[in-house]
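Please read the structure below before turning to the comments.
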Amino acid sequence: MDHCQGHISRIWHGFAPPGSCTLIPLPESVTRSRNRYNALAMAILPTMRTPKDVSWHKDLVYNTM
Numbered sequence: 001m002d003h004c005q006g007h008i009s010r011i012w013h014g015f016a017p018p019g020s021c022t023l024i025p026l027p028e029s030v031t032r033s034r035n036r037y038n039a040l041a042m043a044i045l046p047t048m049r050t051p052k053d054v055s056w057h058k059d060l061v062y063n064t065m
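In the UniProt record's numbering, the protein residues as written are 1 to 65.
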């Protein structure tokens, strides 16, 4: 299972709720020396459970942040 999906499955029991923010620590294989931004974590911000047209709400991702 993918690193991020596995983390979300453990924390949220399957899927993160829309509007939530989950910080996922990056595995040692990509931290500091393996990424150009020296990032230690990745933010996962789901906007919906299943894909659908949200052209009516252009600020959806901005508001989640």
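Ideal placement from N, C-alpha and C gives every residue a C-beta, glycine not left out.
Computed from a predicted structure; not experimentally measured.
It is roughly 21 Å from the alpha-carbon of M42 to the alpha-carbon of P51. Boundaries for W56: no alpha helix (DSSP H) harbours it, and the DSSP string shows neither H nor E there. A43: member of the beta strand (DSSP E) spanning 41–44, first to last residue. The continuous alpha helix (DSSP H) containing C4 extends over residues 3–12.
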